[in-house]
Amino acid sequence: MTTTPASTPRCLRCGRPLTSAASIARGYGKGCASLIRRAAVVADLDGFKSSQVDSAREAVADGAVLLLRGRVHQVVSSDGAHVHLATVEHCSCPAGLRGVRCWHIAAVRIVASAGARPVLTLVRPPIAVPSVTAQTIAA
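Those letters in the sequence shown? Residues 1 to 139, by UniProt numbering.
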(Lines of atoms letter the chains of each structure in order from A and count residues from 1; the text may use other names and numbers.)
(Lines give C-alpha, C1' and ligand atoms only; values in the text may rest on other atoms or scores of the structure.)
Protein backbone atom coordinates (compact mmCIF):
# COMPACT_ATOMS: atom_id res chain seq x y z
CA MET A 1 0.00 0.00 0.00
CA THR A 2 1.43 3.37 -0.98
CA THR A 3 0.58 6.72 0.44
CA THR A 4 0.64 9.93 -1.50
CA PRO A 5 2.30 12.96 0.07
CA ALA A 6 -0.01 15.72 1.17
CA SER A 7 -0.05 18.52 -1.36
CA THR A 8 1.87 21.58 -0.28
CA PRO A 9 -0.28 24.72 -0.09
CA ARG A 10 0.84 27.25 -2.70
CA CYS A 11 0.41 31.00 -3.07
CA LEU A 12 -2.56 31.83 -5.30
CA ARG A 13 -0.63 34.64 -6.98
CA CYS A 14 2.89 33.32 -7.62
CA GLY A 15 2.62 29.60 -6.90
CA ARG A 16 5.39 29.44 -4.30
CA PRO A 17 4.97 27.01 -1.38
CA LEU A 18 3.38 28.51 1.72
CA THR A 19 4.85 27.60 5.10
CA SER A 20 3.46 29.93 7.77
CA ALA A 21 0.01 29.32 9.19
CA ALA A 22 -1.05 32.90 8.46
CA SER A 23 -0.02 32.61 4.81
CA ILE A 24 -1.78 29.27 4.41
CA ALA A 25 -4.98 30.71 5.91
CA ARG A 26 -4.72 33.78 3.69
CA GLY A 27 -3.87 31.83 0.52
CA TYR A 28 -1.14 34.32 -0.34
CA GLY A 29 2.43 34.78 0.86
CA LYS A 30 3.32 37.93 2.79
CA GLY A 31 4.62 39.84 -0.25
CA CYS A 32 1.84 38.71 -2.58
CA ALA A 33 -0.82 39.58 0.00
CA SER A 34 0.62 43.10 0.13
CA LEU A 35 0.49 43.35 -3.68
CA ILE A 36 -3.12 42.09 -3.74
CA ARG A 37 -4.21 44.61 -1.07
CA ARG A 38 -2.53 47.43 -2.98
CA ALA A 39 -4.08 46.27 -6.28
CA ALA A 40 -7.55 46.22 -4.70
CA VAL A 41 -7.17 49.95 -4.07
CA VAL A 42 -5.50 51.09 -7.29
CA ALA A 43 -7.17 48.77 -9.86
CA ASP A 44 -9.28 50.46 -12.56
CA LEU A 45 -12.80 49.74 -11.27
CA ASP A 46 -14.57 52.75 -12.77
CA GLY A 47 -18.07 51.91 -13.94
CA PHE A 48 -18.68 49.20 -11.35
CA LYS A 49 -21.23 49.61 -8.56
CA SER A 50 -19.89 49.80 -5.02
CA SER A 51 -21.56 46.48 -4.18
CA GLN A 52 -19.76 44.87 -7.14
CA VAL A 53 -16.42 46.28 -6.00
CA ASP A 54 -17.05 44.99 -2.47
CA SER A 55 -17.93 41.52 -3.80
CA ALA A 56 -14.84 41.53 -6.01
CA ARG A 57 -12.53 42.52 -3.15
CA GLU A 58 -14.08 39.84 -0.94
CA ALA A 59 -13.60 37.18 -3.63
CA VAL A 60 -9.96 38.15 -4.10
CA ALA A 61 -9.35 38.11 -0.35
CA ASP A 62 -10.98 34.66 -0.14
CA GLY A 63 -8.77 33.33 -2.95
CA ALA A 64 -11.73 32.73 -5.27
CA VAL A 65 -9.91 34.10 -8.35
CA LEU A 66 -7.24 31.99 -10.05
CA LEU A 67 -5.33 32.72 -13.22
CA LEU A 68 -5.95 29.77 -15.50
CA ARG A 69 -3.78 30.62 -18.52
CA GLY A 70 -2.96 33.71 -20.48
CA ARG A 71 -5.56 36.28 -19.50
CA VAL A 72 -8.32 33.82 -18.54
CA HIS A 73 -9.20 33.49 -14.86
CA GLN A 74 -11.44 31.12 -12.95
CA VAL A 75 -13.76 32.93 -10.55
CA VAL A 76 -15.87 31.04 -8.02
CA SER A 77 -19.45 32.31 -7.77
CA SER A 78 -20.63 33.95 -4.55
CA ASP A 79 -22.56 30.82 -3.51
CA GLY A 80 -19.62 28.57 -4.38
CA ALA A 81 -21.70 26.37 -6.67
CA HIS A 82 -20.28 27.55 -10.01
CA VAL A 83 -16.94 28.50 -11.49
CA HIS A 84 -16.97 31.15 -14.21
CA LEU A 85 -14.28 31.94 -16.76
CA ALA A 86 -13.54 35.65 -16.90
CA THR A 87 -11.11 38.17 -18.38
CA VAL A 88 -10.77 41.89 -17.67
CA GLU A 89 -13.58 42.55 -20.19
CA HIS A 90 -15.79 39.43 -20.38
CA CYS A 91 -17.31 36.76 -18.13
CA SER A 92 -19.16 33.48 -18.65
CA CYS A 93 -21.72 34.12 -15.88
CA PRO A 94 -25.36 34.77 -16.91
CA ALA A 95 -24.95 38.55 -16.55
CA GLY A 96 -21.68 38.51 -18.46
CA LEU A 97 -23.24 36.53 -21.30
CA ARG A 98 -25.84 39.32 -21.62
CA GLY A 99 -23.04 41.89 -21.86
CA VAL A 100 -23.51 43.29 -18.35
CA ARG A 101 -20.40 44.09 -16.30
CA CYS A 102 -20.37 41.75 -13.33
CA TRP A 103 -18.30 41.63 -10.15
CA HIS A 104 -16.31 38.70 -11.59
CA ILE A 105 -14.73 41.10 -14.10
CA ALA A 106 -13.89 43.53 -11.29
CA ALA A 107 -12.24 40.71 -9.33
CA VAL A 108 -10.18 39.72 -12.37
CA ARG A 109 -9.08 43.34 -12.82
CA ILE A 110 -7.83 43.41 -9.24
CA VAL A 111 -5.87 40.18 -9.62
CA ALA A 112 -4.55 41.18 -13.06
CA SER A 113 -3.30 44.51 -11.75
CA ALA A 114 -1.36 42.63 -9.05
CA GLY A 115 0.46 40.65 -11.76
CA ALA A 116 -0.81 37.15 -11.02
CA ARG A 117 0.94 34.18 -12.58
CA PRO A 118 -0.62 30.82 -13.47
CA VAL A 119 -0.51 28.40 -10.57
CA LEU A 120 0.58 24.96 -11.74
CA THR A 121 -1.05 22.07 -9.91
CA LEU A 122 -0.86 18.34 -10.43
CA VAL A 123 -4.02 16.85 -11.87
CA ARG A 124 -3.35 13.63 -10.00
CA PRO A 125 -0.67 12.54 -7.55
CA PRO A 126 2.48 10.99 -8.97
CA ILE A 127 2.56 7.22 -9.38
CA ALA A 128 4.81 5.41 -6.92
CA VAL A 129 7.79 3.86 -8.69
CA PRO A 130 8.72 0.40 -7.37
CA SER A 131 12.24 0.07 -6.09
CA VAL A 132 14.64 -1.94 -8.22
CA THR A 133 16.74 -4.56 -6.47
CA ALA A 134 19.07 -7.30 -7.63
CA GLN A 135 16.33 -9.88 -7.07
CA THR A 136 13.84 -8.09 -9.36
CA ILE A 137 16.47 -7.74 -12.09
CA ALA A 138 17.33 -11.46 -11.94
CA ALA A 139 13.68 -12.48 -12.18
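Ideal placement from N, C-alpha and C gives every residue a C-beta, glycine not left out.
Please read all numbers here as calculations on a predicted model, not as lab measurements.
Its Cα nearest to that of H82, the residue Q74 stands out among L12, A56, Q74. Per the Cβ contact rule, the segment 17 to 25 is not in contact with the segment 109 to 116 (fewer than 3 Cβ pairs under 8 Å). It is roughly 22 Å from the alpha-carbon of R13 to the alpha-carbon of C102. Excluding five sequence positions before and after G29, the CB atoms of its chain that fall closer than 8 Å to its own CB belong to C11, R13, C14, R16, L18, S23, given in chain order. The way I'd put it, the segment 85 to 105 does touch the segment 49 to 57; three or more beta-carbon pairs between them come closer than 8 Å. Rounded to whole angstroms, the separation of the alpha carbons of V60 and C32 is 12 Å.
For the beta strand (DSSP E) assignment, the uninterrupted runs of no fewer than 3 residues enclosed by the UniProt domain "SWIM-type" (81 to 113) are, from N- to C-terminal side, 83 to 86. With a minimum length of 3 residues, the unbroken runs of beta strand (DSSP E) contained wholly in the segment 31 to 88 fall at 65 to 69, 72 to 76, 83 to 86. Assignment of R10 by DSSP, reduced to helix, strand and coil, places it in the strand class.
Distance from T87 to V108 at the Cβ level is roughly 6 Å; contact confirmed, criterion being Cβ atoms closer than 8 Å. With fewer than 16 neighbouring CB atoms inside 10 Å of its own CB, R98 falls in the exposed class.
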